[in-house]
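Participant: Right, I'll just put the structure down here and ask away after.
In the working numbering, the protein residues as written are 18 to 110.
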């Protein structure tokens with residue numbers, strides 16, 4: 018299992034636009050083979066900060082997600098909306 022934590026911060030004034038784009042990628046990602054969990058969170062303290070918490074069956078499933086058309090569309094649509102993007106990969110021990 019691979020767990021991904023992706024912390025995304027919207028540019029000032031782009032919070033709702035980013036939120037809209039992030040929601041679009043949830044359902045197609047959950048439908049992918051190898052997706053165990055794919056959940057979007059929004060910070061209680063700062064509405065410009067979002068967290069994707071994802072669990073993938075293995076590296077192959079995660080890579081398939083990264084290569085998928087809906088993921089590529091999400092990256093393109095959000096490129097100018099984010100101030101920062103930090104992605105960390107974890108393996109269950």
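C-beta atoms are modelled at their ideal positions from N, C-alpha and C, and glycine is treated no differently.
A quick note: this is a predicted structure, and the numbers were derived from the prediction, not measured.
1) Compare the C-alpha of residue 64 against each of 104, 76 and 29 and name the closest.
2) Along the chain, where does the alpha helix (DSSP H) that runs through residue 103 open and close?
3) Based on DSSP bridge pairs, tell me the residues matched to residue 56.
4) Between residue 73 and residue 42, what straight-line distance do the alpha-carbon atoms span, to the nearest angstrom?
5) Would you give the residue range spanned by the alpha helix (DSSP H) that residue 139 belongs to?
Facilitator: On the basis of the data shown:
1) On the chain shown, residue 64 is found 47 positions in, with the first residue counted as 1. Nearest C-alpha to residue 64: 29.
2) Taking the chain shown and counting its residues from 1, the one referred to as residue 103 is at position 86. From DSSP, residue 103 is part of no alpha helix (DSSP H) but of the beta strand (DSSP E) over 99-108.
3) Walking along the chain shown from the start, residue 56 turns up at place 39. BP columns for residue 56 point to 70.
4) Taking the chain shown and counting its residues from 1, one reaches residue 73 at position 56. Taking the chain shown and counting its residues from 1, one reaches residue 42 at position 25. Distance between the alpha carbons of residue 73 and residue 42: 15 angstroms.
5) Nothing can be reported for residue 139, as the shown portion of the chain is limited to 18 through 110.
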